[in-house]
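In the UniProt record's numbering, the protein residues as written are 1 to 127.
Cβ atoms here follow ideal geometry from the backbone N, Cα and C, with glycine treated the same way.
See structure below.
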């Protein structure tokens, strides 16, 4: 098993990955092995540019660094502190291989994660 955590482009059909492009190669999904929801890594949520942040006063920050401190999670209309989608992401374990839809060679197992807003990452490769 190899870990990557690299951005990829994914095409979906019925919400499941159909193909993905990684390192300038197209992989065709032959089957979905499993899918699950996991908690989003905290550092991705904390570093999200769309989250509200407050500026640390200049007197409290190091001279050479501009630091911002995240405020509380955004409040939804229902009053909850964060939307469920902000805190979770869906992982798809798929069997896929290089090639076009008619011919697929070199099959492997790939973990793809949808981090929201059509942003995908390749997490692991098992071959």
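So is residue i buried or exposed if we call it buried at 16+ other beta carbons inside 10 Å?
{"i": "residue 22", "result": "buried"}
{"i": "residue 7", "result": "exposed"}
{"i": "residue 92", "result": "buried"}
{"i": "residue 112", "result": "buried"}
{"i": "residue 106", "result": "exposed"}
{"i": "residue 121", "result": "buried"}
{"i": "residue 15", "result": "exposed"}
With DSSP as the reference, identify every bridge partner of residue i, one or two as the case may be.
{"i": "residue 30", "result": "Per DSSP, none; premise fails for residue 30."}
{"i": "residue 13", "result": "16"}
{"i": "residue 124", "result": "3 and 111"}
{"i": "residue 98", "result": "27 and 105"}
{"i": "residue 22", "result": "25"}
Which same chain residues end up closer than 8 Å to residue i when comparing Cβ atoms and leaving out the 5 residues on each side of it in sequence?
{"i": "residue 104", "result": "28, 30, 96, 97 and 98"}
{"i": "residue 100", "result": "26 and 28"}
{"i": "residue 5", "result": "121, 122 and 123"}
{"i": "residue 40", "result": "86, 87, 88, 89 and 115"}
So, at 6 Å on beta carbons, what are the nonlocal neighbours of residue i in its own chain, with the 5 sequence-adjacent residues on each side left out?
{"i": "residue 10", "result": "17, 20 and 120"}
{"i": "residue 3", "result": "124"}
{"i": "residue 36", "result": "91"}
{"i": "residue 94", "result": "17, 29, 32 and 110"}
{"i": "residue 42", "result": "none"}
{"i": "residue 34", "result": "93"}
Apart from the five residues just before and just after residue i, which ones in its own chain have a Cβ nearer than 7 Å to its Cβ?
{"i": "residue 12", "result": "18"}
So, with DSSP's three-state summary, where would you put residue i?
{"i": "residue 58", "result": "Interpretation of residue 58 is limited by its pLDDT of 44, a score under 50 that renders its predicted location unreliable; no figure is taken from the coordinates."}
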